[in-house]
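These notes concern the structure reproduced below.
There are 2 protein chains.
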Amino acid sequence: MHVPKAAILVIGNEVLSGKVEEQNARFLIGELRELGVDLKCILMIPDEPEEIAAAVKDLAVRFDYVFTSGGVGPTHDDVTINSIARAFGHRIVRHPELESLLRRYFGEGIDETRLRMADVPEGAELVYGEALKYPVLACGNVYIFPGVPELFRKKFTAIRDRFRVAPFYLRIVHTLEDEFDLAERLQAIADAHPTVAIGSYPNFATPEYKVKLTLESKVETAVDAAQQALLAVLDDALMVEL
Amino acid sequence: MHVPKAAILVIGNEVLSGKVEEQNARFLIGELRELGVDLKCILMIPDEPEEIAAAVKDLAVRFDYVFTSGGVGPTHDDVTINSIARAFGHRIVRHPELESLLRRYFGEGIDETRLRMADVPEGAELVYGEALKYPVLACGNVYIFPGVPELFRKKFTAIRDRFRVAPFYLRIVHTLEDEFDLAERLQAIADAHPTVAIGSYPNFATPEYKVKLTLESKVETAVDAAQQALLAVLDDALMVEL
Chain A
15 MHVPKAAILV IGNEVLSGKV EEQNARFLIG ELRELGVDLK CILMIPDEPE EIAAAVKDLA
75 VRFDYVFTSG GVGPTHDDVT INSIARAFGH RIVRHPELES LLRRYFGEGI DETRLRMADV
135 PEGAELVYGE ALKYPVLACG NVYIFPGVPE LFRKKFTAIR DRFRVAPFYL RIVHTLEDEF
195 DLAERLQAIA DAHPTVAIGS YPNFATPEYK VKLTLESKVE TAVDAAQQAL LAVLDDALMV
255 EL
Chain B
15 MHVPKAAILV IGNEVLSGKV EEQNARFLIG ELRELGVDLK CILMIPDEPE EIAAAVKDLA
75 VRFDYVFTSG GVGPTHDDVT INSIARAFGH RIVRHPELES LLRRYFGEGI DETRLRMADV
135 PEGAELVYGE ALKYPVLACG NVYIFPGVPE LFRKKFTAIR DRFRVAPFYL RIVHTLEDEF
195 DLAERLQAIA DAHPTVAIGS YPNFATPEYK VKLTLESKVE TAVDAAQQAL LAVLDDALMV
255 EL
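Residue numbers (my numbering), protein chains in the order written: chain A, 15 to 256; chain B, 15 to 256.
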């Protein structure tokens, strides 16, 4: 089974300098998981053309999908479109379909600053979704989203179903055993069930449990088998129902 | 003025798969800003040794400081220490000082799983801070922190002052002008004040203002001059006091 792998590229000084709290990657983590897409990388970088171009070039070859957030407005710090064009070695061209959408929205007195929103890397695809008046721009496998959280959510939600594949199956087990004492048994389970991702997360914040164990796979029978094997080696008396 | 540049490397499948909401990078963003350190990159990747080693190798040469979060516990999915050793081409050795700290904490009946917490890349430095019984591990300019948020905060807070440099000066201006209409004027201000970082962030969530403009610099006189220049070209009637 091919599981599509994704990366999120967050572009913006405002996130790294703490002026704005990042919301889009946080939102997309949950969306991608629900869609069955395997998110493998989140990268947050400044509004710097060379860095954006280098990141896009690298991520686009390593992952099936790259979702970018930010840097698509009209001001001097909005450099994402040009940087993505540079990453792919494409020219910037004015897209006739976007131009006519902009003219319809802003009226025929539209100025050059607003028209520049129709300038895209040559060959870019317009992706329409339900209830989306203005499309999402895609350059190959790179989907370009605005940084404003309300717009990001609206646009991703409108096209999300094109990314859906088979779901992940997740099982969670909580225990009062210590992570040090569990380590050897977990290693054995992980070795015996290589298609199941097994996570171990200690908890010091609350007294309810000491370790949260997660089992996850695209194959439901595999995750169930690993869970049975895990339950068989845990101390019954220290298991926690949450 | 040399402004130290930093990167955060978050290691953990649990973050990318949405099992745990990321808190450490979010915390560190604010800390580093307050300390005057320029955060230039946040990278979040899975618990995969080759990827961690490659990321550490890359970030350690590009930035003055790298802060890692996660993957330092005793279980099979804790692969950060070995991966960092690999990044620097160092062997793993048992650190005598850490070993004696562990023996004191766990008692002389301590098992091998617990003792392995003293295994570190050769040449690693132990960084002590106030009220820190167990030190932070540093390999060159890479500071290694646990992923558990309570521990991350406690450890970083204990050693934070070693990173402090001259502060950033930030000014914020809100306006009801449209970002499209501002674009040209902002470009001119940005060109005339190259040492000041000028950000423009549209707001669609609330009616109070349309655009938040930020000006930031390490040089207070420079940020004040840019702010004066900005105020002079904004429409007074559309400025917003918040």
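A virtual CB, placed ideally from N, CA and C, is assigned to each residue, including glycine.
Check: Could you give the uninterrupted runs of the beta strand (DSSP E) lying entirely in the stretch 43-130 of chain A, keeping only those of 3 residues or more?
Finding: Taking only runs of at least 3 residues, the beta strand (DSSP E) segments lying wholly in the stretch 43-130 of chain A are 52-59, 79-83, 106-108.
Check: Among all the DSSP beta bridges, which residues are the ones paired with A:R185?
Finding: For this step, residue 185 of chain A is matched to residue 171 along the first sequence. Answer is A:L229, bridged to A:R185.
Notebook entry, point to check: For B:L30, does the three-state DSSP call read helix, strand or coil?
Noted result: By one-based count along the second sequence, residue 30 of chain B stands at place 16. Of the three classes helix, strand and coil, the one that applies to B:L30 here is helix, per DSSP.
Notebook entry, point to check: Does the distance from the CB of B:T189 to the CB of B:L248 come in under 8 Å?
Noted result: As a working note, residue 189 of chain B is residue 175 in the second sequence. As a working note, residue 248 of chain B is residue 234 in the second sequence. Yes, the Cβ-Cβ distance between B:T189 and B:L248 is below 8 Å.
Margin query: Can you confirm whether the stretch 80-100 of chain A touches the stretch 134-148 of chain A when touching is taken to mean that 3 or more C-beta pairs between the two stretches lie within less than 8 Å?
Written below: With a cut-off of 8 Å, the stretch 80-100 of chain A and the stretch 134-148 of chain A count as touching, because enough Cβ pairs lie within range.
Next item on the list: Return the residues of the stretch 80-110 of chain A that lie within a Cβ-Cβ distance of less than 9 Å from chain B, sorted by chain order.
Entry: Under the 9 Å Cβ criterion, the stretch 80-110 of chain A contributes G87, P88, T89, H90, D91, D92.
Checklist line | Neighbour flag for A:F41 against chain B, beta carbons, 8 Å | finding: Stepping through the first sequence from its first residue, residue 41 of chain A is reached at position 27. Under the 8 Å criterion on CB atoms, A:F41 is classed as non-interfacial with respect to chain B.
Check: Among A:E48, A:T82, A:L46, which has the Cα closest to the Cα of A:G161?
Finding: In the first sequence, residue 161 of chain A corresponds to position 147, counting from 1. Selected option, being the one with the closest Cα: A:T82.
Check: Can you check whether the CB of B:N155 is closer than 8 Å to the CB of A:A211?
Finding: Along the first sequence, read from residue 1 onward, the residue named residue 211 of chain A stands at position 197. Along the second sequence, read from residue 1 onward, the residue named residue 155 of chain B stands at position 141. If you check the CB distance, A:A211 and B:N155 do not come in under 8 Å.
Note to self: Counting C-beta neighbours from all protein chains within 10 Å, is the total for B:F170 16 or more, i.e. buried, or is it exposed?
What the structure shows: Stepping through the second sequence from its first residue, residue 170 of chain B is reached at position 156. That one is buried.
Item checked: Beta-carbon separation (whole angstroms), B:F177 vs B:L53, contact threshold 8 Å -> Within the second sequence, numbered from 1, the residue matching residue 177 of chain B stands at position 163. Within the second sequence, numbered from 1, the residue matching residue 53 of chain B stands at position 39. B:F177 to B:L53, Cβ: 11 Å. No contact.
Next item on the list: Rank B:V75, B:T127, B:H207 by C-alpha distance to the C-alpha of B:K19 and give the top, closest one.
Entry: On the second sequence, position 5 is the one that residue 19 of chain B refers to. Nearest of B:V75, B:T127, B:H207 to B:K19, Cα basis: B:V75.
Note to self: I'd like the list of long-range same chain contacts for A:I56, defined as Cβ closer than 6 Å, with 5 residues on each side in sequence excluded.
What the structure shows: Taking the first sequence and counting its residues from 1, one reaches residue 56 of chain A at position 42. Taken in chain order, the residues that qualify are I22, A39.
Margin query: Give me the chain A residues within the contact set of B:N27, using Cβ-Cβ distance strictly less than 8 Å, ordered along the chain.
Written below: Taking the second sequence and counting its residues from 1, one reaches residue 27 of chain B at position 13. Ordered by position in chain A, the residues that pass the 8 Å Cβ test against B:N27 are A211, G213.
Notebook entry, point to check: Got a sec, what are the start and stop residues for the alpha helix (DSSP H) A:A263 sits in?
Noted result: Residue numbering for chain A in the displayed model covers 15 to 256; residue 263 of chain A lies beyond these limits and cannot be assessed.
Next item on the list: Enumerate in chain order the residues of its own chain whose CB-to-CB distance from A:F41 is below 8 Å, with the five nearest sequence positions on each side excluded.
Entry: Position 27 of the first sequence holds residue 41 of chain A. Cβ neighbours of A:F41 beyond the five flanking positions: P163, F166, R167, F170.
Check: Who are the near neighbours of B:F159 in its chain, counting only those whose CB is closer than 6 Å to its CB and skipping five residues on each side?
Finding: Residue 159 of chain B sits at position 145 when you count from the first residue of the second sequence. Here B:F159 has S83, F166, K169 as same chain residues with Cβ atoms under 6 Å from its own Cβ, once five neighbours each way along the sequence are excluded.
Margin query: I want to know whether the stretch 227-235 of chain B touches the stretch 200-215 of chain B - three or more CB-CB distances under 8 Å.
Written below: Short answer: they touch.
Notebook entry, point to check: Where do the ends of the beta strand (DSSP E) carrying B:L252 lie?
Noted result: Within the second sequence, the letter at position 238 stands for residue 252 of chain B. Counting along the chain, B:L252 falls outside any beta strand (DSSP E), and DSSP gives it neither H nor E.
Check: Within 10 angstroms of its Cβ, does B:R108 collect 16 or more other Cβ (buried), or is it exposed?
Finding: Along the second sequence, one-based indexing puts residue 108 of chain B at 94. The residue in question, B:R108, is exposed, as its Cβ has fewer than 16 Cβ neighbours within 10 Å.
Checklist line | Selection from A:A172, A:H16, A:R128, A:S231 that minimises the alpha carbon distance to A:A145 | finding: Sequence index remark: in the first sequence, residue 145 of chain A carries index 131 (1-based). The shortest Cα separation from A:A145 among A:A172, A:H16, A:R128, A:S231 belongs to A:A172.
Margin query: Using only the alpha-carbon positions, how far apart do B:I66 and B:D78 sit?
Written below: As a first step, residue 66 of chain B must be located in the second sequence, where it is residue number 52. As a first step, residue 78 of chain B must be located in the second sequence, where it is residue number 64. Each residue's alpha carbon lies about 18 Å from the other.
Checklist line | Closest Cα partner of A:A197 within the set B:A180, B:C153, B:M131 | finding: Translated into the one-based positions of the first sequence, residue 197 of chain A becomes position 183. When only C-alpha atoms are compared, the closest one is B:M131.
Item checked: Cutoff 8 Å: B:S31 Cβ touching any chain A Cβ -> Position 17 of the second sequence holds residue 31 of chain B. A Cβ of chain A is located within less than 8 Å of the beta carbon of B:S31.
Check: Between which two residues does the beta strand (DSSP E) carrying B:V237 extend?
Finding: Translated into positions along the second sequence, residue 237 of chain B becomes position 223. Boundaries around B:V237 are those of the alpha helix (DSSP H), 234-247, since no beta strand (DSSP E) includes it.
Check: Contact check, B:K232 vs B:V17 under 8 Å by CB: the rounded distance?
Finding: As a position in the second sequence, residue 232 of chain B is number 218, starting the count at 1. As a position in the second sequence, residue 17 of chain B is number 3, starting the count at 1. About 6 Å separates the two Cβ atoms, so the contact holds.
Checklist line | Straight-line Cα distance separating B:R47 from A:K33 | finding: Residue 33 of chain A sits at position 19 when you count from the first residue of the first sequence. Residue 47 of chain B sits at position 33 when you count from the first residue of the second sequence. So the alpha carbons of these two residues sit roughly 10 Å apart.
Notebook entry, point to check: To the nearest angstrom, how far is it from the Cα of A:E126 to the Cα of B:A219?
Noted result: Numbered from its first residue, the first sequence carries residue 126 of chain A at position 112. Numbered from its first residue, the second sequence carries residue 219 of chain B at position 205. So the alpha carbons of these two residues sit roughly 26 Å apart.
Margin query: I need the straight-line Cα distance from B:L262 to B:L116, nearest angstrom please.
Written below: With chain B represented from 15 up to 256, any question about residue 262 of chain B goes unanswered, as that position is not in the structure.
Notebook entry, point to check: Alpha carbon to alpha carbon, what distance is there between B:V179 and A:D121?
Noted result: One-based indexing of the first sequence puts residue 121 of chain A at position 107. One-based indexing of the second sequence puts residue 179 of chain B at position 165. Per the sequence presented here, residue 121 of chain A reads as Gly, with Asp not at that position. Taking the straight line joining both Cα atoms gives about 51 Å.
Next item on the list: For B:D91, collect the residues of the same chain with a Cβ closer than 6 Å to its Cβ; drop the 5 residues on either side in sequence, then sort them by chain order.
Entry: As a first step, residue 91 of chain B must be located in the second sequence, where it is residue number 77. Only D61 meet the Cβ criterion.
Notebook entry, point to check: So, is B:P181 buried or exposed, given that buried needs 16 or more other C-beta atoms within 10 angstroms?
Noted result: The sequence position of residue 181 of chain B within the second sequence is 167, counting from 1. So B:P181 counts as exposed.
Next item on the list: Give the straight-line distance between the Cα atoms of B:A236 and B:M253, rounded to the nearest whole angstrom.
Entry: Stepping through the second sequence from its first residue, residue 236 of chain B is reached at position 222. Stepping through the second sequence from its first residue, residue 253 of chain B is reached at position 239. If you take the alpha carbons of B:A236 and B:M253, they lie about 22 Å apart.
Checklist line | Among B:K147, B:T94, B:V93, B:T209, nearest to B:L112 - alpha-carbon criterion | finding: The residue labelled residue 112 of chain B in the question sits at position 98 within the second sequence. For the residues B:K147, B:T94, B:V93, B:T209, the minimum Cα distance to B:L112 belongs to B:K147.
Checklist line | Contacts around B:P88, its chain only, beta-carbon distance under 6 Å, and the 5 residues preceding and following it disregarded | finding: The residue you call residue 88 of chain B lines up with position 74 of the second sequence. So the list reads T127, once near-sequence residues are dropped.
Notebook entry, point to check: Could you give the C-beta distance for A:I186 and A:A243, rounded to a whole number, given that I count them as a contact under 8 Å?
Noted result: Mapped onto the first sequence, residue 186 of chain A falls at position 172. Mapped onto the first sequence, residue 243 of chain A falls at position 229. About 15 Å separates the two Cβ atoms, so there is no contact after all.
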